[in-house]
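Inspection log for the structure reproduced underneath, given as structure tokens.
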Amino acid sequence: MLRSYVALLFSFLLLGCSSGSEDTTPETSPSLEQIHIVANPISTRGSSSLILAKGNTQPFIATGHYDDGSVKDLTSETSWHSSDSRIATMSSPGALTARDTGTTTVTASHDGITSNTVQVTVTDATLTAIQVTPPSVSVGKGQTQQLTATATYSDNTTADISGNVTWLPTDITTATVSTTGLLTSRVAGTTELTASLDGINSNRVQVTVTDATLTAIQVTPPSVSLAKGQTQQLTATATYSDNTTADISGDVTWLPTDITTAIVSATGLLTGRVAGTTELSASLDGINSNRVQVTVTDATLTAIQVTPPSV
1 MLRSYVALLF SFLLLGCSSG SEDTTPETSP SLEQIHIVAN PISTRGSSSL
51 ILAKGNTQPF IATGHYDDGS VKDLTSETSW HSSDSRIATM SSPGALTARD
101 TGTTTVTASH DGITSNTVQV TVTDATLTAI QVTPPSVSVG KGQTQQLTAT
151 ATYSDNTTAD ISGNVTWLPT DITTATVSTT GLLTSRVAGT TELTASLDGI
201 NSNRVQVTVT DATLTAIQVT PPSVSLAKGQ TQQLTATATY SDNTTADISG
251 DVTWLPTDIT TAIVSATGLL TGRVAGTTEL SASLDGINSN RVQVTVTDAT
301 LTAIQVTPPS V
């Protein structure tokens, strides 16, 4: 009898434990509802439509919109497609390279969702001039400076060809230039450089490298308020011992205190992730910047107004 009572009591205890266990139903991930692609940055300027000269490349970005209101950069995760590969092909995720004259459309797809279409026209415009900016550079030893090579074509359009030209520094002991135009100073001194493509040479850029050392870093804006999923470009400005300044946004280490609320890319692009507050700073060579206050809200876009209303 006692044995039966103990067995019955044990059964009730097991039943009680089972009924009090946690719900193991897995959480569902947000579902992708829409993909929106845009050409960014616009490679060719001076035209109301999206055009490319043969041989040039136009980058695109893809943004995914989910059913919980969140957004995500899907540029490297989507499958990119050009409707006419004879005219232009996707040379890498989000990068369209013009091959021959004509028109093609670009789309991206992911998880069964296809984006909007973007039409691109490829022309046979020829390169007539290259302008490198800034026309002169002064940097501290070991620092960097981004150079931009802008092409002018026979149809009067212009394009950023910094990644297409051959960079030609006259003295690589003083400074070197990467294939994308990033100048890195090496030792104190002066030199000059040019850029060249298809037999066309650019203006000559004067480069001065000093022994100045980094003394301070200032990040602007000093405070940011943005909606969830939106972005804000931050700028880190260095001050050196010779009182010169330089944009070092791509050189510093960005230090957000809470990456759940917001994240920062290597170039200083801040992206709001969830509503809340946080702060961030930037650091280089043991020098820390001011602290930037960041507020991310649940605000949503309600209207867009284009002005003037008629042209």
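Quick note on numbering: the working numbering labels position 239 of the sequence shown as 239, and the sequence is numbered without any gaps. Backbone N, C-alpha and C fix where the C-beta goes; we use that ideal spot for every residue, glycine too.
Residues that residue i bridges to, as DSSP identifies them
i: LEU226; result: VAL296
i: GLY142; result: BP columns for GLY142 are empty, so no partner.
i: THR260; result: According to DSSP, THR260 bridges with nothing at all.
i: GLY288; result: One detail in the question is off: residue 288 reads as Asn in this sequence, not Gly. DSSP output for ASN288 lists SER283 as bridge partner(s).
i: SER136; result: GLN206
i: THR126; result: According to DSSP, THR126 bridges with nothing at all.
Nearest neighbour of residue i, chosen from the options [CA to CA]
i: VAL38; options: VAL106, ASP67, ALA282, TYR66; result: VAL106
i: GLN119; options: ILE287, ASP111, ARG186, SER48; result: SER48
i: LEU371; options: THR44, ASP198, GLN206, ASN156; result: Given a span of 1 to 311 for the chain in the structure shown, any question on residue 371 remains unanswerable.
i: SER241; options: THR215, ALA227, ALA262, LEU255; result: THR215
i: ILE87; options: ALA62, ASP124, GLY64; result: ASP124
i: ASP68; options: GLY55, THR194, GLN34; result: GLN34
i: LEU197; options: THR152, LEU32, ILE287, GLY286; result: THR152
i: ASN288; options: THR239, ILE304, THR302; result: THR239
i: GLU192; options: ALA212, PRO169, ILE248, GLY199; result: PRO169
i: THR126; options: ASP100, GLY112, ASP111, THR117; result: ASP100
i: GLY229; options: THR28, HIS65, ASN40; result: HIS65
i: SER178; options: SER154, GLY199, ALA149; result: ALA149
i: ILE42; options: VAL264, THR157, PRO256, THR244; result: THR157
i: LEU301; options: ILE200, ILE113, ASN243, ALA227; result: ALA227
i: PRO256; options: THR271, THR28, ILE248, ASN243; result: THR271
i: ALA275; options: ALA98, THR297, ALA212, ILE304; result: THR297
i: SER154; options: GLY46, THR244, SER85; result: GLY46
Residue i vs residue j beta-carbon contact at 8 Å
i: THR231; j: ASP258; result: no
i: TRP80; j: PRO93; result: yes
i: GLN145; j: VAL132; result: no
i: GLN218; j: ASN290; result: yes
i: ASP73; j: THR63; result: yes
i: VAL252; j: SER283; result: yes
i: VAL165; j: ALA129; result: no
i: SER70; j: PRO30; result: yes
i: GLN143; j: ALA299; result: no
i: VAL139; j: VAL209; result: yes
i: THR260; j: ALA159; result: no
i: SER162; j: GLY189; result: no
i: ALA266; j: ARG273; result: no
i: ALA236; j: GLY268; result: yes
i: LEU32; j: ASP111; result: yes
Close Cβ partners of residue i (< 8 Å) along its chain, the five nearest in sequence each way excluded
i: THR121; result: SER49, LEU50, ILE51, LEU52, GLY102, THR103
i: SER21; result: Residue confidence for SER21 is low, a pLDDT of 49 falling below 50, so the modelled location carries little weight and cannot support an answer.
i: SER109; result: ILE35, THR78, SER79, HIS81, SER115
Other residues of its chain near residue i: CB distance less than 6 Å, five sequence neighbours each side excluded
i: SER185; result: VAL139, LYS141, GLN143, ALA175, VAL209
i: SER83; result: THR104, THR105
i: GLN293; result: SER223, GLU279
i: SER225; result: THR295
i: ASP171; result: THR191
i: THR220; result: THR235
i: GLY250; result: THR267
i: ILE113; result: LEU32, ILE35
Cβ-heavy atom distance, residue i to the ligand NAD, below 7 Å
i: GLN230; result: Among the ligands in the structure shown, none appear at all, so the ligand NAD cannot be discussed.
Same chain only: Cβ atoms within 7 Å of residue i, ignoring 5 sequence neighbours per side
i: LEU96; result: THR57, GLN58, PHE60, SER82, ALA88, MET90, VAL106, VAL120
8 Å Cβ cutoff, residue i in contact with chain C
i: GLN146; result: The structure shown contains no chain C; it holds only a single protein chain.
> Where are the beta strand (DSSP E) runs, 3 residues long or more, that stay fully inside the stretch 55 to 82, in chain order?
Replying inline: Entirely contained in the stretch 55 to 82, the beta strand (DSSP E) runs reaching 3 residues are, in chain order, 57 to 66, 71 to 73, 79 to 82.
> Which parts of the stretch 161 to 234 are runs of the beta strand (DSSP E), unbroken and 3 residues or longer, counting only runs that do not cross its ends?
Replying inline: Runs of the beta strand (DSSP E) inside the stretch 161 to 234: 166 to 169, 175 to 177, 182 to 185, 189 to 197, 205 to 210, 214 to 220, 223 to 227, 231 to 233.
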